[in-house]
Amino acid sequence: MTKILEVITPGLLTTIQDRGRHGYQAFGMPVAGAVDEFALRVANILVGNPEGAAALEMTLLGPKLKVLAPVKVALTGADLGARINGAEFPRWETVAVNPGDEISFTAAREGCRAYLAVAGGIDVPEVMGSRATYLRGKIGGIDGRALKAGDVLSAGSLQERNLPTGTRLAEGLIPKYSSAITLRVIPGPQDDHFTEAGLETFFQSEYTVTTEADRMGYRLQGPTIEHKEGADIISDGIPLGAVQVPGHGLPIVMLADRQTTGGYPKIATVCSVDLSLIGQAKPGDTVRFATIGREEALQLLQDRETALKKWKDSLPRATGRSWNFQISIAGQRFSTYVEEIR
Amino acid sequence: MYDQPRLLPAGDSALVVEFGNEIAPEVNARIRSFTQILEEQALAGIVELVPTYRSVLVHYDPLQIDPRELEEKIKELTGSLADIELAAPEVTMVPVCYGGEFGPDLDHVCQHTGLSAEEVIQLHTGTNYLIYMLGFTPGFSYLGGMDERLATPRLKTPRTHIPAGSVGIAGKQTGIYPIDSPGGWQLIGRTPLKLYDPYREPPVLLKAGNYVRFVPITKAEYEEIAASVAAGTYEVQQEPLTEEGTAQ
Chain S
4 MTKILEVITP GLLTTIQDRG RHGYQAFGMP VAGAVDEFAL RVANILVGNP
54 EGAAALEMTL LGPKLKVLAP VKVALTGADL GARINGAEFP RWETVAVNPG
104 DEISFTAARE GCRAYLAVAG GIDVPEVMGS RATYLRGKIG GIDGRALKAG
154 DVLSAGSLQE RNLPTGTRLA EGLIPKYSSA ITLRVIPGPQ DDHFTEAGLE
204 TFFQSEYTVT TEADRMGYRL QGPTIEHKEG ADIISDGIPL GAVQVPGHGL
254 PIVMLADRQT TGGYPKIATV CSVDLSLIGQ AKPGDTVRFA TIGREEALQL
304 LQDRETALKK WKDSLPRATG RSWNFQISIA GQRFSTYVEE IR
Chain C
724 MYDQPRLLPA GDSALVVEFG NEIAPEVNAR IRSFTQILEE QALAGIVELV
774 PTYRSVLVHY DPLQIDPREL EEKIKELTGS LADIELAAPE VTMVPVCYGG
824 EFGPDLDHVC QHTGLSAEEV IQLHTGTNYL IYMLGFTPGF SYLGGMDERL
874 ATPRLKTPRT HIPAGSVGIA GKQTGIYPID SPGGWQLIGR TPLKLYDPYR
924 EPPVLLKAGN YVRFVPITKA EYEEIAASVA AGTYEVQQEP LTEEGTAQ
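If you're matching them up, the sequences are chains S and C in order.
Read left to right, the first sequence gives residues 4 to 345 (this note's numbering).
Read left to right, the second sequence gives residues 724 to 971 (this note's numbering).
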């Protein structure tokens, strides 16, 4: 267990997240985990971890971190203006950092949540099989809370392979986060609780992300959606990406920290490949909904997973042998880093 | 209760299997049967099942199981649910110290219902409550079967802090707060049991489909049980359900 990062300032909301706490929803325990799971998975792949290793999820205003030991890291997700010692920190790429290096963030430029993975994963105890921080339940991560100044993070021993620095996600797989998104949704399970007019409003209108948008869910502002009779159903389970519409007629998109059950009708559910889009939306961004069939949604998911696997299988491996050379050319000194790959 | 369950897509990774449109013990029994046989199948790609009042949400991994295949399998399994023999549900005994500092609203419940404190305690402890589902917060159980004579509206102004273990009444419902939280239920007592402990396996004491029976205890017994719960030596009392004393 090596100490690798010290938190100088924590940023707006920086938490330790993995792929979530599955298997306990029947007891009322929310799943939690990374809001943008795709970005988390890619960050882990780039540092040679299992895809579900614990990493940092940073929100809008990133933290300032001091590096305590040499380690490979990868930053994915939102562009929050990341810097290493003041120089640009490339996203979607394997990067080596060294003791004394400072990772900082200027301002959000695209998207809402960035993920920083470290080789070996962030080492915190598992609670119910997961390291994910669930803030309302005060479990996972560090004492179930967001990071604060002075926290010291250690790397675990989950690294499966050593990827050379500069390894980069295939360009075609790097997402663009727009401030005007269209979410493809599968109608149901309670689309029959809305009038024809209500469904038309939902699919034809533009909604705006309000400031009440967090890991639990995103409340949207816009035209109200008409229910057939009453807005209450007998409480049932809430899937990830469910769009529930309470009595006020405005949609709420349910995300990672959502409660396991609820009593509002769910007009539609966001398809898996579009979950990253809503997770990367910020207050003020606009959202439209478009209908998609389940078959088509699954085809999109399969296509993305096939492409991700193809890229993953094509990656070179570093042998672990590397050298630092100081070169002098015409009186100017250059530091170079050479890594053996196979 | 429907003749055949409705299968409703909940996105591309979850499926609602709905058995009825009412809160009723028969629907709950059907859900319990279905949950049991689906778990027994141990199908690859099923992530987890969330049983609720009238449906089960099946979370699955579509990269491992085709939802159309899953639907076929579910239709096949639900054809014969009525014939499934289920083991008798367990009744979990929940000791409760009523009134005093643990039940600050007991007097109010007496005033509202016109019952004496003894009568309230007798009615509250005199039945087995069906655990319809868990949800809302980790370990919160939705119980059915409270005697309607105990019904009391929620507090007009909710409390900002209610200690874990508090037992309350809200309208026609009764329940136990599993964690410290704000809330508006009329508090009539408290249990020294830990309904929810994230560091224990299983983390939650109660399970949907089983029953709860409240057992009155004194303040001294409360302290004693609380100490053995804290020491990890307390054994929760459970027994199989018998017909007697079961709420309908």
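We put the CB at the ideal spot given by N, CA and C, even for glycine.
By alpha-carbon distance to Thr-848 (chain C), the top candidate from C:Ile-940, C:Lys-895 and C:Leu-766 is C:Ile-940. In the DSSP assignment, Arg-307 (chain S) falls within the unbroken alpha helix (DSSP H) covering 297-316. When the beta-carbon positions are compared, Val-50 (chain S) and Arg-116 (chain S) stay at least 7 Å from each other. Rounded to the nearest angstrom, the gap between the Cα atoms of Glu-232 (chain S) and Thr-198 (chain S) is 9 Å. Chain C places a beta carbon closer than 7 Å to that of Ala-29 (chain S), counting this residue as a contact. The DSSP-derived three-state label of Gly-244 (chain S) is coil. Within the segment 875-889 of chain C, no residue has a Cβ lying closer than 7 Å to any Cβ of chain S.
For Thr-294 (chain S), the nearest beta carbon of chain C is not closer than 7 Å to its own beta carbon. Only residues of its own chain outside the window of five on either side were considered, and among them Val-814 have a CB closer than 6 Å to the CB of Glu-962 (chain C), listed in chain order.
According to the DSSP assignment, Asn-327 (chain S) belongs to the beta strand (DSSP E) that extends over 321-332. Between Phe-205 (chain S) and Glu-229 (chain S), the alpha-carbon positions lie close to 9 Å from each other.
The beta carbon of Pro-226 (chain S) lies closer than 7 Å to those of Thr-204 and Ser-208 in the same chain, with the five residues before and after it left out. Excluding residues up to 5 positions away in sequence, Leu-838, Asp-870, Arg-872 and Leu-873 lie with their Cβ nearer than 8 Å to the Cβ of Leu-846 (chain C) in the same chain. Just measuring C-alpha positions, the residue of S:Trp-95, S:Met-61 and S:Thr-214 sitting nearest Gly-169 (chain S) is S:Trp-95.
With a threshold of 7 Å between beta carbons, Ala-950 (chain C) makes no contact with chain S. Per DSSP, Leu-138 (chain S) has no beta bridge partner at all. As the crow flies, the alpha-carbon of Gln-759 (chain C) is around 18 Å from that of Leu-964 (chain C). Using a CB distance below 8 Å, the part of the segment 771-783 of chain C facing chain S consists of Glu-771, Leu-772, Val-773, Pro-774, Thr-775, Tyr-776, Arg-777, Ser-778, Val-779, Leu-780 and His-782, ordered along the chain. If you draw a 10 Å sphere on the C-beta of Pro-818 (chain C), you find 16 or more other C-beta atoms in it, and that means buried. Taking the beta carbon of Leu-838 (chain C) as reference, no residue of chain S falls within 9 Å; the closest one sits roughly 29 Å away.
Less than 7 Å divides the Cβ of Val-773 (chain C) from the Cβ of Leu-780 (chain C). Sequence-distant partners of Met-257 (chain S) (beyond 5 residues in either direction) whose C-beta falls short of 6 Å from its own C-beta, in its chain, are Gly-220, Ile-241 and Ala-245.
The contact set of Phe-859 (chain C) on chain S, defined by CB atoms closer than 9 Å, consists of Gly-31, Ser-238, Gln-262, Thr-263, Thr-264 and Gly-265 in chain order.
Collapsing the DSSP output to three states places Ala-99 (chain S) in a strand. Comparing C-alpha distances from Tyr-919 (chain C) to each of C:Pro-827, C:Tyr-900, C:Val-935 and C:Pro-905 shows the shortest one belongs to C:Tyr-900. Just so you know, the alpha carbons of Gln-305 (chain S) and Ser-275 (chain S) end up roughly 10 Å apart. Within its own chain, the residues whose Cβ lies closer than 7 Å to the Cβ of Pro-915 (chain C), once the five positions on either side in sequence are excluded, are Pro-818, Gly-888, Tyr-945, Ile-948, Ala-949 and Val-952, listed in chain order. Chain order gives the chain S residues near Leu-786 (chain C) as Leu-304, Gln-305 and Glu-308, where near means a beta carbon separation below 8 Å. For Glu-113 (chain S), the closest C-alpha among the options S:Lys-313, S:Arg-307 and S:Gly-287 is that of S:Gly-287. Beta-bridge analysis with DSSP links Met-61 (chain S) to S:Thr-17 and S:Ala-117.
Leaving aside the five residues that flank Lys-67 (chain S) on each side, the residues in its chain whose CB is nearer than 6 Å to its CB run, in chain order, Ile-11, Thr-12 and Ser-107. Beta-bridge pairing by DSSP links Ile-769 (chain C) to C:Tyr-783.
Contact annotation, Ile-237 (chain S) with Ile-746 (chain C): C-beta distance approximately 6 Å; criterion of less than 8 Å satisfied.
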